[in-house]
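Here is the structure we will look at, set down as structure tokens.
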Amino acid sequence: MQLNPVMIHLEAYPDVFHPFLKDTVVFDSSSSKEAQVLYIPKKQGYFLKKATSGNLAREAVMTNWLHEKGVAPEVLMYLSRENDYLLTRKVVGDDCTAAHYLANPKRLIERLAENARWLHNVKWEGCPSQNRTQELIETAQQNFTIGRFDKDFSVNYCNNYSALEAIQLIREKGRLLETTTLVHGDYCLPNILLNDWQFASYIDVDHSGLGDRHIDLFWLLFSLKRNICILQGFYT
1 MQLNPVMIHL EAYPDVFHPF LKDTVVFDSS SSKEAQVLYI PKKQGYFLKK
51 ATSGNLAREA VMTNWLHEKG VAPEVLMYLS RENDYLLTRK VVGDDCTAAH
101 YLANPKRLIE RLAENARWLH NVKWEGCPSQ NRTQELIETA QQNFTIGRFD
151 KDFSVNYCNN YSALEAIQLI REKGRLLETT TLVHGDYCLP NILLNDWQFA
201 SYIDVDHSGL GDRHIDLFWL LFSLKRNICI LQGFYT
């Protein structure tokens with residue numbers, strides 16, 4: 001996780017967040033253009049995520065539910081106005097892109113595989129997202145209809161399928177995917193926190209729900225290639 005000091009204007013945030021944001025240095029830890037994530041190093045630490053209205057509702061629900069299971073941060077506040085805001089308490093630990101974890105890739109891969117096996121074998125009850133698999137299939141169909149397709153991603157991570165080949169594969173084989181397993185949905189190195197090599201928490205769980213374990217396995221392999229193999233020089 002990158003932490004870059006950033007200047008903020010309090011008036012750009014609802015009053016309820018001002019006690020957290022004022023009289024402290026704030027760091028930007030954003031990892032995508034879709035949301036701004038601020039780290040607030042007060043007391044035990046907080047993260048404040050900001051995105052367009054409605055985009056954090058699912059994450060707030062799933063983070064709260066998973067926190068009750070002991071595997072996600074505590075949600076302190078979710079607020080939806082002209083923008084969405086999600087305030088969570090920092091969990092002790094570092095994500096798996098930390099240098100001391102990447103320096104031992106074999107141990108890290110083994111730890112992530114063990115954790116994925118554990119996650120997929122627990123009998124989770126009352127999950128708010130009951131069919132993540134179908135949601136993903138519907139999203140793929142909608143993207144195909146409107147011509148949204150990431151060719152570079154396909155070349156690098158999906159056997160260079162064309163959009164037509166990809167949607168045909170989904171239509172032919174999608175029925176084989178299950179909905180019996182709780183998946184993170186974005187099981188990448190930046191989204192798993194370890195504390196001295198022991199699992200601490202999942203973060204960015206807006207894609208989680210009941211689905212097929214191969215969803216997590218795909219994103220784990222993607223992340224290993226992106227975060228470890230490229231850095232280690234196995235890919236150019």
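Going by full-length UniProt numbering, the first residue of the sequence shown is number 1, and it counts up by one from there. Heads up, the beta-carbon is just placed ideally off N, CA and C, and yes, glycines get one too.
Query: Considering only C-alpha positions, which residue in the set D196, R132, A140, K225 is nearest to G185?; Result: R132
Query: Under 8 Å: do the stretch 80-89 and the stretch 180-198 share three or more Cβ pairs, one atom per stretch?; Result: no
Query: When the distance is taken between beta carbons, is A51 closer than 8 Å to A72?; Result: no
Query: From this set, H18, R111, M7, E178, which residue's C-alpha is nearest V26's C-alpha?; Result: M7
Query: Mapping the DSSP letters down to three states, classify P5 as helix, strand or coil.; Result: strand
Query: Do L66 and S223 have their beta-carbon atoms positioned less than 8 Å apart in this structure?; Result: no
Query: Rounded to a whole number of angstroms, what is the C-alpha to C-alpha distance between residue 237 and Y39?; Result: Residue coverage of the chain in this structure runs from 1 to 236, which leaves residue 237 outside it and unanswerable.
Query: Look up T139 in the DSSP assignment and give the residues it is bridged to.; Result: For T139, which the question treats as bridged, DSSP gives no partner whatsoever.
Query: Taking its Cβ as the centre, do 16 or more other Cβ atoms sit within 10 Å of R171, making it buried, or is it exposed?; Result: exposed
Query: To the nearest angstrom, how far is the alpha carbon of H9 from that of R58?; Result: 27 Å
Query: N83 by DSSP, collapsed to three states: which one?; Result: strand
Query: Pick from D212, L220, P190: whose alpha carbon is nearest that of G93?; Result: P190
Query: Beta carbon of D28, beta carbon of N4: below 8 Å?; Result: yes
Query: Is it buried or exposed for H120, if we count other Cβ within 10 angstroms and need 16 for buried?; Result: buried
Query: If we ignore side chains and look at the alpha-carbon of each, how far apart do M1 and I137 end up?; Result: 31 Å
Query: Can you tell which of W219, L217, S201 has its C-alpha closest to the C-alpha of E68?; Result: S201
Query: Among residues of its own chain, excluding the 5 on either side of F149, which ones have a beta-carbon nearer than 6 Å to its beta-carbon?; Result: A163
Query: Keeping to the same chain, check which residues put their C-beta closer than 8 Å to that of E74; ignore five residues upstream and five downstream.; Result: H67, T88, R89
Query: Count the other C-beta atoms from every protein chain shown that fall within 10 angstroms of the C-beta of residue 238, then say buried if there are 16 or more, exposed otherwise.; Result: Within the shown structure, residues of the chain are numbered from 1 to 236, placing residue 238 beyond reach of any answer.
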